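Residue numbers (this note's numbering): 3 to 252.
For each residue, glycine too, the CB sits at the ideal point set by N, CA and C.
All figures in this text were calculated on a predicted structure; none of them were measured in a lab.
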């Protein structure tokens, strides 16, 4: 079943949702572009295209990726379509023509890069030391602590907005005591809704599909539409959709 974008809003104690059309039809056009162009930086002339953004990436060890399109009313009237991909594309958070992450990328690098190098250095030291060697357990615990501290700082960068002019962090939205899954806020729908909320757009539909190599479990297949994920998206989309009035999808 091709479900639309939806999530549970704790404040309203109900689900908020958006239909899939007309974004679904725009997704079909995007699939044709991916198939014919074999790259995602469509806004750049072919002779200037960056090889990092080739769709070959989607058929390698990284497997495929979710792509999404949002149809939204723009200030002054009319409908425009905006597109996003889940997470990073071949190591890039931002690609020309695509909606970027929900956080400030400069702030992310300030928090992430040096700490990630430190964590990787600890990993190398652990490997060289070998299990059972003196200090091995101490290094394991130190790496785990630093990884947890880094994840907490990264999660604090995610300040999500909704259409009641409210802002909240991930820890504010998830039920107290419930862990925040890795990658929360990086999927297509949260990126698109955040962009809409801070750019005075009114979303009318969102649709998402998978493109690239099928995953091992066979639960993601190229060209198929899927709803936002239950573990990472459902808890935050209710908050992010709050304040929108949508019509049922025929």
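Kindly confirm or deny that the segment 48-66 and the segment 90-108 touch, where touching means at least three C-beta pairs closer than 8 angstroms.
-> Three or more pairs of CB atoms, one per stretch, sit closer than 8 angstroms, so the segment 48-66 contacts the segment 90-108.
Candidates 142, 240, 48, 149, of which the one nearest residue 192 by Cα | Ranking the options by Cα distance to residue 192, first place goes to 240.
In the structure shown, what three-state DSSP assignment does residue 212 receive?
-> Here residue 212 sits in strand by DSSP.
May I have the straight-line CA-CA distance separating residue 231 from residue 136, to the nearest angstrom?
-> Cα to Cα, the separation comes out at about 43 angstroms.
Identify which residue in 117, 134, 142, 124 has its Cα closest to the Cα of residue 156.
-> Nearest in C-alpha terms to residue 156, of all of 117, 134, 142, 124, is 117.
Which of helix, strand or coil does DSSP assign to residue 91?
-> In the structure shown, the three-state DSSP call for residue 91 is strand.
Rounded Cβ spacing between residue 215 and residue 66 (contact assumed at less than 8 angstroms) = The pair is a contact, with the Cβ atoms about 5 angstroms apart (cut-off 8 angstroms).
Among 49, 22, 134, 50, which residue has its Cα nearest to the Cα of residue 73?
-> Nearest C-alpha to residue 73: 22.
Can you tell me whether DSSP reads residue 17 as helix, strand or coil?
-> Residue 17: strand per DSSP, three-state reduction.
Pick helix, strand or coil for residue 204, following the three-state DSSP scheme.
-> Look at residue 204 here: in three-state DSSP terms it is strand.
Determine the burial state of residue 3: buried for a count of at least 16 other Cβ atoms within 10 Å of its Cβ, exposed for fewer.
-> Residue confidence for residue 3 is low, a pLDDT of 38 falling below 50, so the modelled location carries little weight; the figure read from the coordinates is stated next. Looking at its Cβ environment, which holds fewer than 16 other Cβ atoms inside 10 Å, residue 3 is exposed.
Would residue 164 pass as a contact of residue 102 if the rule is Cβ separation under 7 angstroms?
-> Cβ atoms of residue 164 and residue 102: not closer than 7 angstroms.
Output yes or no for whether 7 angstroms exceeds the beta carbon distance between residue 194 and residue 182.
-> Using a Cβ distance threshold of 7 angstroms, residue 194 and residue 182 do not count as a contacting pair.
Residue 77 versus residue 242 - alpha carbon distance = Inter-residue distance for residue 77 and residue 242 is about 19 angstroms (C-alpha atoms, whole angstroms).
When the Cβ atoms of the segment 140-159 are set against those of the segment 121-129, are three or more pairs found closer than 8 angstroms?
-> Contact between the segment 140-159 and the segment 121-129 is present, because at least three Cβ pairs lie under 8 angstroms.
For residue 252, which residues of its own chain have a beta-carbon under 6 angstroms away from its beta-carbon, when the five flanking residues on both sides are left out?
-> Annotation note: pLDDT 40 at residue 252 (below 50); position unreliable, coordinate value reported separately. Excluding residues up to 5 positions away in sequence, nothing lies with its Cβ nearer than 6 angstroms to the Cβ of residue 252 in the same chain.
With respect to the alpha helix (DSSP H) encompassing residue 128, which residues constitute its N-terminal and C-terminal limits?
-> Note, residue 128: alpha helix (DSSP H), 107-131.
State the DSSP-derived secondary structure class of residue 139, mapped to helix, strand or coil.
-> In the structure shown, residue 139 sits in a helix (DSSP, three-state: H, G or I).
How big is the Cα-Cα spacing for residue 48 and residue 38?
-> Roughly 12 angstroms separates the two Cα atoms.
Cα-Cα separation, residue 180 to residue 174 = Roughly 11 angstroms between the two C-alpha positions.
Can you tell me the Cα-Cα spacing of residue 210 and residue 51, whole angstroms?
-> Rounded to the nearest whole angstrom, the C-alpha separation of residue 210 and residue 51 is 25 angstroms.
Output the distance between the C-alpha atoms of residue 44 and residue 98, rounded to the nearest integer angstrom.
-> Computed Cα separation, rounded: 8 angstroms.
If residue 160 and residue 200 are in contact, beta carbons under 8 angstroms, what's the gap, nearest whole angstrom?
-> About 13 angstroms separates the two Cβ atoms, so there is no contact after all.
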